[in-house]
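To get my numbering, take the position in the first sequence, counting from 1, and add 2. Every residue, glycine too, gets a C-beta built ideally from N, C-alpha and C.
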Amino acid sequence: MTLATQPYKGARDFYPEDKRIQKYLFSKMREICESFGYEEYDAPILEPTDLYLAKGNQEIIDEQTYTFQDRGGRSVTIRTEMTPTVSRMVAGRRQELGYPLRWYSIPNVWRYERMQRGRLREFWQLNVDVFGIEGIEAEHEVIVLADQLLKRYGATADMYVIQVSSRALVQHIFGEYLGLGDTQIETLIRLIDRMHKLPEDAFIAQLDALLSPSQREAGLVEDLKKLLVVKKLSELPPQVADHPSVHKLQSLLHLLETSHVTNAVFDITLMRGFDYYTDIVFEVADTDPENNRSMFGGGRYDGLVGMFGVEPVPTVGFGMGDVTLQNFLDSHGLMPQLANEVDVYVTLVGEALYPRAQATLDTMRKEGLRLAVDATGRRIDKQLKTAVKKGIRYSIVLGDQELDSGRFMLKDLVDGTTEEHGLERIVSIIRDRRSNNQPGGAINL
RNA sequence: GCGGAUGUAGCUCAGUUGGUUAGAGCGUCUGUUUGUGGCACAGAAGGCCGUGGGUUCAAGUCCCAUCAUUCGCCCCA
3 MTLATQPYKG ARDFYPEDKR IQKYLFSKMR EICESFGYEE YDAPILEPTD
53 LYLAKGNQEI IDEQTYTFQD RGGRSVTIRT EMTPTVSRMV AGRRQELGYP
103 LRWYSIPNVW RYERMQRGRL REFWQLNVDV FGIEGIEAEH EVIVLADQLL
153 KRYGATADMY VIQVSSRALV QHIFGEYLGL GDTQIETLIR LIDRMHKLPE
203 DAFIAQLDAL LSPSQREAGL VEDLKKLLVV KKLSELPPQV ADHPSVHKLQ
253 SLLHLLETSH VTNAVFDITL MRGFDYYTDI VFEVADTDPE NNRSMFGGGR
303 YDGLVGMFGV EPVPTVGFGM GDVTLQNFLD SHGLMPQLAN EVDVYVTLVG
353 EALYPRAQAT LDTMRKEGLR LAVDATGRRI DKQLKTAVKK GIRYSIVLGD
403 QELDSGRFML KDLVDGTTEE HGLERIVSII RDRRSNNQPG GAINL
């Protein structure tokens, strides 16, 4: 039996050109998060299974996680998301941390799933969380951060829409206003969640099916149909218009406008599954019809820290997956060509030159240049071809002439130009080019 | 868990109603007299036709199974 060279199903190898893309994506994340004062943290990839069981979904644990027994008989699970972990960490030092707390992380997470477009088994997920702010300033900050991040990748406001809703409002409308029971609300939320996937008559039929005869009698189907087409807070029925959650949403949308976030809208059909969200939720969706999916989202989950037996801490956060982000950037043509991180490919004229070139190479490295030396002794055109193939921007030919004179030809492999300089000048040219370009080690061609 | 599609060279794929030694483009390597890439020309390497079984004088081609890849459904933290 021969060994397979493919990576494990649903996981990716990162060859240097792939890793370069990842570094580019992550460097923007770090840049923006840190500009908002967020600090990076990390944690183990393994957690006790109990951490995920506490949310109550045994089925998800059994079918969609990597869970196994360690040698001590403890059940452990590879993390499927960062939120329980970060809540655990905050709870662990509940008293001594200074609030508000702004944390971010870019963990890899594993979910045992059937694959489809945009969904792998291992992916990386930017997690941004702010702890200790009860007001909508937290939601505002986190949404603005997400918005600026997308813009930093080159996205414009027409490429995505930020949908905002409120768990508390939905609960109020379905529970108190319409008088639905808890299980009915659960089913309804699930149904609305995939509303856009269903033909309208199928949706109405299922809506009808979950109501009791007396509720149908009272015209709830019609009420719901009217509610679900509401596009603005002002279109909500007068009976719910004064609920505190409506005012919160209003203030939030207003604040976002102040911050020049022009594409945030209220969307009553936004549900975000059955998780721990307690109040405002939001989601960012791609407007490209080819990739018409929700990209990422988040919201307020005030209850999670409290599950560890300490006083709850109000929390707002979001998670953004690398795969969906890359799909988004690709479909809008926003992925830049990234150059190799090696600055200079040094081609040697003849193998015999290798010993003689060492002193010069050493000097260049000490000056901070990242050099790859070709000591194969091949013809120079072959050596240059290799440099081009690797995506390295500059090359220098070293031969007896250059070593004698101390003058070198710096060749730009992108535009084909060459310039002759002394070593010092070459070092400063490359340093300048590098600092004028994007951080993260990658040069934007 | 359910359903669809696809498995032939490193990659993208041809391969006729079953018929001799299995094809192209791109890529790789070598060379076109050895100090400057992308072009051109010449040449080379590289395939258990996913795997196993069956039908047949004969299978890349037809049938069954299996594995893998992929897309969708369920689910989506």
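DSSP state of residue i, grouped into three classes?
i, result
"residue 30", "helix"
"residue 43", "coil"
"residue 1", "No information on residue 1 is available, as it lies outside the stretch 3 to 447 that the chain covers here."
"residue 245", "coil"
"residue 409", "strand"
"residue 262", "coil"
"residue 284", "strand"
"residue 299", "strand"
"residue 159", "helix"
"residue 81", "coil"
"residue 110", "strand"
"residue 446", "Any answer about residue 446 is weak, because its pLDDT of 39 lies below 50 and its placement is not dependable; what the coordinates show is given next. The answer is strand: DSSP assigns residue 446 an E or B state."
"residue 423", "strand"
"residue 291", "helix"
"residue 20", "helix"
"residue 167", "strand"
"residue 71", "strand"
"residue 309", "helix"
"residue 215", "helix"
"residue 349", "strand"
"residue 175", "helix"
"residue 321", "strand"
"residue 357", "helix"
For residue i, which residues from the same chain have a beta carbon less than 8 Å from its beta carbon, with the 5 sequence-adjacent residues on both sides left out?
i, result
"residue 441", "Low confidence applies to residue 441: its pLDDT is 40, below 50, so where it sits in the model is not reliable enough to give any reading."
"residue 206", "223 and 227"
"residue 422", "409, 410, 411 and 412"
"residue 212", "186, 189, 190 and 193"
"residue 56", "86 and 309"
"residue 66", "82, 113, 114 and 115"
So which of the options has the shortest CA-CA distance to residue i?
i, options, result
"residue 77", "68, 85, 384 and 84", "68"
"residue 340", "395, 284, 383 and 374", "395"
"residue 2", "323, 269, 308 and 324", "Outside the shown range of the chain (3 to 447) lies residue 2, about which nothing can therefore be said."
"residue 369", "429, 407, 215 and 173", "429"
"residue 155", "337, 214 and 229", "337"
"residue 245", "371, 314 and 173", "173"
"residue 319", "133, 91, 121 and 126", "133"
"residue 249", "8, 384 and 234", "234"
"residue 19", "342, 241, 371 and 214", "342"
"residue 131", "51, 425, 39 and 398", "39"
"residue 70", "49, 61, 163 and 177", "49"
"residue 265", "288, 365, 278 and 204", "288"
"residue 328", "121, 73 and 383", "121"
"residue 103", "381, 432 and 35", "35"
"residue 9", "303, 150 and 123", "123"
"residue 63", "75, 73 and 83", "83"
"residue 268", "231, 180 and 383", "231"
"residue 295", "304, 311 and 323", "323"
"residue 297", "304, 333, 279 and 96", "333"
Quick check on residue i: buried or exposed, where buried means 16 or more other Cβ atoms within 10 Å of its Cβ?
i, result
"residue 117", "exposed"
"residue 446", "Because residue 446 sits at a pLDDT of 39, beneath the cut-off of 50, its placement in the model cannot be relied upon, and the point is left open."
"residue 21", "exposed"
"residue 313", "exposed"
"residue 393", "buried"
"residue 444", "Note that residue 444 scores 41 on pLDDT, short of 50, meaning its location in the model is unreliable; the coordinates nonetheless yield the value given after this. By the 10 Å Cβ count, residue 444 comes out buried."
"residue 378", "exposed"
"residue 149", "buried"
"residue 119", "exposed"
"residue 169", "buried"
"residue 217", "buried"
"residue 13", "exposed"
"residue 404", "buried"
"residue 204", "exposed"
For residue i, collect the residues of the same chain with a Cβ closer than 6 Å to its Cβ; drop the 5 residues on either side in sequence, then sort them by chain order.
i, result
"residue 171", "247"
"residue 195", "273"
"residue 141", "254, 282 and 318"
"residue 182", "176"
"residue 291", "none"
"residue 351", "401"
"residue 126", "108, 110 and 324"
Between which residues of its own chain and residue i is the CB-CB distance below 7 Å, once the five residues before and five after are set aside?
i, result
"residue 274", "283, 285, 299 and 301"
"residue 389", "347, 397 and 415"
*Is it true that the stretch 133-148 meets the stretch 253-261, where meeting means three or more beta-carbon pairs spaced less than 8 Å apart?*
Contact between the stretch 133-148 and the stretch 253-261 is present: three or more C-beta pairs spanning the two stretches fall below 8 Å.
*Would you be able to state if there are at least three C-beta pairs under 8 Å between the stretch 344-351 and the stretch 151-161?*
Flag = no, the stretch 151-161 and the stretch 344-351 do not touch.
_Would you call the stretch 41-58 in contact with the stretch 92-107, where contact means no fewer than 3 C-beta pairs closer than 8 Å?_
Three or more Cβ pairs drawn from the stretch 41-58 and the stretch 92-107 lie within less than 8 Å of each other, which places the two stretches in contact.
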